[in-house]
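Structure first, then comments.
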Amino acid sequence: MFCFFPFFCFFFSFIAQNTVPNMAYPLSTSSRWIVDENGQRVKLACVNWPSHLQPVVAEGLSKQPVDAVAKKIVEMGFNCVRLTWALDLMTNETLANNVTVRQSFQSFGLKDDIVGFQTNNPSIIDISLIEAFKKVTLAFEFDQQGS
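The opening residue of the sequence shown carries number 18 in the working numbering; numbering runs sequentially from there.
Okay, structure coming up:
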């Protein structure tokens with residue numbers, strides 16, 4: 018009986034030896050490590066930010082501007098955000114593209130939160146849910162140049 022295991026070991030070791038890290042991005046991998054553009058090991062310190070719950074918008078944005086939340090996360094020493102997302106947002110095109118943040122909050126009777134959004138994040142309140150999700154993700158630029 019022919020054994021494929023030695024073939025796979027050779028094949029994968031050949032690929033590993035001949036793979037050049039993609040330095041087009043700020044982070045890449047080297048062996049089992051995550052490294053920066055200088056090849057220095059990076060340790061991720063991540064925080065969860067829920068946005069998967071109804072009304073499908075990142076939590077707390079009716080209380081604080083998205084930039085203030087991003088700044089606070091960085092000040093607390095985190096360099097990574099796990100922004101959870103609702104499966105419906107990615108699988109229901111009508112929900113993602115045709116429902117605004119305002120409409121989503123209205124559908125759940127969250128009038129106080131609408132007022133909070135108008136105060137703290139007016140640029141998000143009248144855009145689609147998917148555009149709001151994108152805008153929140155763009156708020157995070159973890160600039161490690163000064164650290």
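Beta carbons are placed, not taken as given, at the ideal position from N, Cα and C, and that holds for glycine.
| Asked | Found |
| --- | --- |
| Residues that DSSP places opposite Asn65 in a beta bridge | Arg99 |
| Candidates Val59, Ser47, Leu146 and Ser48: closest to Leu106 by CA position | Leu146 |
| Local Cβ density within 10 Å of Asn115, reported as buried at 16 or more and exposed below that | exposed |
| Which of helix, strand or coil DSSP assigns to Ser48 | coil |
| Alpha-carbon to alpha-carbon, Val91 and Ile142 | 24 Å |
| First and last residue of the uninterrupted alpha helix (DSSP H) at Asp143 | Where Asp143 is concerned, there is no enclosing alpha helix (DSSP H), given that its DSSP letter is neither H nor E. |
| Proximal residues to Met40 (C-beta, below 7 Å), its chain only, five neighbours per side dropped | Caution is warranted here: a pLDDT of 48 is assigned to Met40, below 50, making its placement in the model unreliable, and no coordinate value can be reported. |
| Rounded Cβ spacing between Leu44 and Val59 (contact assumed at less than 8 Å) | 6 Å |
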